């Protein structure tokens with residue numbers, strides 16, 4: 075019983091200690107340490123990418139109430155040369171990728187490569203265990219006959235392909251359990267559509283952007299100092 | 017919706033003139049209000065069944081599977097029947113969410129979430145039965161190929177039973193991932209409406225979703241990939257389940273027709289179970305505007321098609337048993353239809369082949385009461401199909417001296433009851449705490465079949481009022 079309380083104390087100590095370290099890091103202008111499972115979402119390349127993104131943190135946001143309006147507004151703003159920071163919608167609006175000029179997601183490559191690796195691993199693993207390490211004589215049959223190993227290989231390809239697609243989606247989009255949601259305006263997950271234009275430099279023509287928003291029945295316009 | 021092809025013939029997917037906010041309200045209402053008496057009554061019944069199941073399973077694990085009615089001749093019976101039954105039930109969810117997604121069947125959006133939940137709970141129910149059958153379920157990890165100190169003695173990858181381990185666990189994992197990925201945007205909607213502890217929990221579960229179109233774009237790609245992976249997966253799972261039988265040399269099991277026949281049977285039974293659940297659910301939680309009679313009619317059509325294919329499979333089995341000239345094969349099938357288990361065979365045929373044929377009539381297809389009764393019949397029929405395949409092929413084997421009859425014990429009945437208890441407890445809890453309509457997707461298809469906002473550039477059908485509307489719209493634009 076005492077060891078239980080001892081372990082509990084260690085656990086609590088590590089918790090308080092982590093908070094102290096985070097306070098120190100914050101004062102030094104460093105990013106606070108996260109939980110261990112946040113590491114793929116925080117360190118390395120992604121933080122560099124995020125820093126680059128944060129340099130353009132001032133955005134002009136137009137709030138719309140119809141998907142057709144926000145779609146057309148996005149298309150025209152992009153054609154007019156505005157940098158689209160992001161568009162926030164309650165559901166996947168069809169045609170938004172083209173309107174924003176997004177390129178095709180490369181997640182398919184993750185699925186393909188990981189699926190292929192999983193298939194190779196499964197085939198090799200079965201070959202090693204069944205034909206090399208401990209061949210079992212079943213009615214005098216050849217221990218390696220590829221047909222018998224197709225089902226497990228297929229299932230493993232699907233399993234690893236699916237799980238790696240999920241992980242790639244979460245890591246690339248930096249979605250993780252417990253992440254605090256920063257909504258650009260209330261109602262984004264209900265019935266509002268928001269188009270956020272990045273105000274990168276002094277050449278940003280706010281008046282023209284507002285006029286374009288107005289043409290497409292904007293509900294309200296917000297000038298946010300910090301991008302969500 | 018600007019991109020959707022409007023059709024004069026197609027009925028709207030969502031009834032009533034609803035705004036986006038109305039859909040959020042309607043979909044979140046069951047999670048936000050206190051459950052009604054009907055829910056509590058159903059939940060208590062389900063929980064009681066689950067409790068009974070828990071006690072009986074504990075008893076049979078402690079005592080051993082000698083508590084079942086198995087004997088030397090009939091070594092597989094009730095347990096395997098239940099396993100195949102539940103795996104089959106699980107197939108409709110993935111079919112609705114993945115295959116109908118790839119075929120761009122927009123009507124799936126109202127039913128896919130609850131069908132996927134049903135898949136996951138059904139697979140959990142299914143997985144319990146082989147675990148019990150192992151006799152020592154705490155050693156279930158021996159089915160995993162890990163380096164061990166017993167040689168290392170590896171699992172036999174040539175055994176269909178091991179294929180099953182991989183198929184069922186992969187199917188469960190991928191279905192759960194597919195379901196959860198779909199849930200995230202809806203959980204975010206629930207989070208932004210909730211307060212207190214619920215906001216916190218939905219906040220953790222929704223992964224910080226903020227509706228970014230950059231993320232939506234990747235999300236859509238990932239969703240399509242999952243659909244692409246799940247479609248062959250769903251076919252493979254019941255194929256492999258059928259191979260548990262088909263790769264043996266028992267007359268009645270050793271047939272090449274089994275894989276497609278099992279897959280179609282799984283879809284057939286799965287749709288029946290989805291229909292049973294949805295007819296109750298749309299009534300209890302007032303979702304008639306979303307799960308419309310058209311949805312039920314579409315499902316009835318799927319049941320009709322798959323039911324007819326199942327009937328064809330029964331006929332083909334009989335034909336091949338005769339045409340093959342195999343004495344044993346022929347005897348098994350004659351024995352099925354006329355032997356001691358003829359009662360089970362004819363329950364199966366009347367429920368699975370005859371009742372679905374009523375769905376040729378549109379009047380019956382659009383009658384909720386008829387559909388409900390039909391779906392129950394199909395559920396019963398498909399349970400008996402597995403019973404017939406397993407038991408009648410075994411009980412009269414090659415040696416007449418070992419011919420016998422199989423009677424299930426009360427323990428086996430109560431275990432089946434317990435699995436239904438588990439299924440309905442999970443499903444009722446799901447209805448309470450998670451969004452049971454994929455309303456993020458419904459919002460995307462709600463304009464289908466309505467004439468509110470036409471695509472003026474690419475109208476599918478040009479009408480007078482469209483032209484007038486377009487002219488009016490042009491004026492507005494010019495005015496701005």
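Residue numbers (our numbering), protein chains in the order written: chain A, 75 to 302; chain B, 17 to 496. We put the beta carbon where it would ideally sit given N, CA and C, even for glycine. In this text, all values refer to a predicted model and were calculated from it rather than measured experimentally.
(request) Could you check which residue in A:204, A:139 and A:96 has the C-alpha nearest to that of residue 267 of chain A? (result) A:139
(message) Residues in the same chain with beta-carbon distance under 6 Å from residue 481 of chain B, minus the five sequence neighbours each way, listed in chain order, please.
(response) Only weak support exists for where residue 481 of chain B lies, its pLDDT of 47 falling under 50; the coordinates are left without a value.
(request) Determine the closest residue to residue 424 of chain B out of B:251, B:34 and B:403, with distance taken between C-alpha atoms. (result) B:403
(request) Please look up how many angstroms separate the CB atoms of residue 202 of chain A and residue 227 of chain B, rounded, as I've assumed it's under 8 Å. (result) About 47 Å; that fails the 8 Å criterion.
(message) Helix, strand or coil for residue 171 of chain B? Go by DSSP, reduced to three states.
(response) Here residue 171 of chain B sits in coil by DSSP.
(request) Express the C-alpha separation of residue 247 of chain B and residue 180 of chain A in angstroms, rounding to a whole number. (result) 21 Å
(message) Would residue 362 of chain B and residue 226 of chain A qualify as a contact pair, given that the criterion is a beta-carbon distance under 7 Å?
(response) no
(request) Pair every Cβ in the stretch 314 to 325 of chain B with every Cβ in the stretch 151 to 170 of chain B, then say whether three or more of these pairs are closer than 8 Å. (result) no
(request) Can you grab the Cα-Cα spacing for the pair residue 366 of chain B / residue 168 of chain B, in whole Å? (result) 51 Å
(request) Measure how close the beta-carbons of residue 347 of chain B and residue 408 of chain B come, nearest whole angstrom, since I'm counting them as under 8 Å. (result) With 8 Å as the limit, residue 347 of chain B and residue 408 of chain B do not qualify as a contact, their Cβ atoms being about 11 Å apart.
(request) Please confirm if the stretch 419 to 433 of chain B is in contact with the stretch 66 to 79 of chain B, defined as three or more CB-CB distances below 8 Å between the two stretches. (result) yes
(request) Just mark residue 198 of chain A as buried or exposed, buried being the case when its beta carbon has 16 or more other beta carbons within 10 Å. (result) By the neighbour-count criterion, in which 16 or more other beta carbons inside 10 Å mark a residue as buried, residue 198 of chain A falls on the exposed side.
(request) Examine chain B for any beta-carbon lying closer than 7 Å to the beta-carbon of residue 138 of chain A, and answer yes or no. (result) no
(message) Let me make sure I understand the geometry here. Which of B:282, B:338, B:336 and B:360 has the alpha-carbon closest to that of residue 252 of chain B?
(response) B:282
(request) Could you give the DSSP three-state label for residue 470 of chain B: helix, strand or coil? (result) Confidence at residue 470 of chain B is low in this model, with a pLDDT of 45, below 50, so the placement of that residue should be treated as unreliable; the coordinate-derived value is given next. It is coil, neither helix nor strand.
(message) Considering just the uninterrupted stretch of the beta strand (DSSP E) at residue 136 of chain A, what are its terminal residues?
(response) Here the beta strand (DSSP E) through residue 136 of chain A covers 133 to 138.
(request) Identify the contact partners of residue 165 of chain A in chain B, using a Cβ-Cβ distance below 9 Å as the criterion. (result) Among the residues of chain B, those whose CB is under 9 Å from the CB of residue 165 of chain A are 36, 201, 227, 232, 455, 456, 457, 458, 459 and 460, following chain order.
(message) Quick check: the Cα distance between residue 215 of chain B and residue 206 of chain B, rounded to an integer number of angstroms?
(response) 8 Å
(request) Measuring alpha carbon to alpha carbon, tell me which of A:298, A:240 and A:271 ends up nearest residue 147 of chain A. (result) Residue 147 of chain A has its Cα closest to that of A:271, out of A:298, A:240 and A:271.
(message) Just to confirm before moving on: does the CB-CB distance between residue 185 of chain B and residue 110 of chain B stay below 7 Å?
(response) no
(request) Compare the C-alpha of residue 309 of chain B against each of B:349, B:225, B:378 and B:209 and name the closest. (result) B:378
(request) Identify which residue in B:443, B:460, B:229 and B:427 has its Cα closest to the Cα of residue 68 of chain B. (result) B:427
(message) Suppose contacts are defined by Cβ-Cβ distances below 7 Å. Is residue 420 of chain B in contact with residue 87 of chain B by that definition?
(response) yes
(message) Taking 7 Å as the threshold (beta carbon to beta carbon), is residue 80 of chain A in contact with chain B?
(response) Chain B, which has no Cβ nearer than 7 Å to the Cβ of residue 80 of chain A, makes this no.
(message) Less than 7 Å between CB atoms is the rule here; does residue 180 of chain B satisfy it with respect to chain A?
(response) no
(request) Rank A:175, A:209, A:234 and A:286 by C-alpha distance to the C-alpha of residue 193 of chain A and give the top, closest one. (result) A:234
(request) In the DSSP assignment, find the alpha helix (DSSP H) that holds residue 262 of chain A and state where it starts and stops. (result) Unbroken run through residue 262 of chain A: none, as it is neither H nor E.
(message) Could you compute how far the alpha carbon of residue 442 of chain B sits from the alpha carbon of residue 456 of chain B?
(response) Spanning the alpha carbons of residue 442 of chain B and residue 456 of chain B requires a straight line of approximately 23 Å.
(message) Using only the alpha-carbon positions, how far apart do residue 401 of chain B and residue 53 of chain B sit?
(response) Near 36 Å, if we compare the C-alpha coordinates of residue 53 of chain B and residue 401 of chain B.
(request) Have a look at B:77, B:445, B:122 and B:392 and flag the residue whose alpha-carbon is nearest the alpha-carbon of residue 364 of chain B. (result) Residue B:392 is the option with its Cα nearest to residue 364 of chain B.
(request) Out of B:315, B:440, B:144 and B:197, state which residue places its alpha-carbon closest to the alpha-carbon of residue 77 of chain B. (result) B:144
(message) Using the three-state DSSP reduction, which class does residue 320 of chain B fall into: helix, strand or coil?
(response) helix
(request) Decide if residue 351 of chain B is buried, meaning its Cβ has at least 16 other Cβ atoms within 10 Å, or exposed. (result) buried
(request) Evaluate contact between the stretch 304 to 319 of chain B and the stretch 408 to 417 of chain B, counting only Cβ atoms and requiring at least three cross-stretch pairs below 8 Å. (result) no
(message) Does the structure place the stretch 255 to 269 of chain B close enough to the stretch 278 to 286 of chain A that three or more beta carbon pairs sit under 8 Å?
(response) At 8 Å Cβ cutoff, the stretches do not touch.
(request) Note down, in chain order, each residue of its chain lying with its Cβ closer than 8 Å to the Cβ of residue 414 of chain B, except the 5 sequence neighbours on either side. (result) 344
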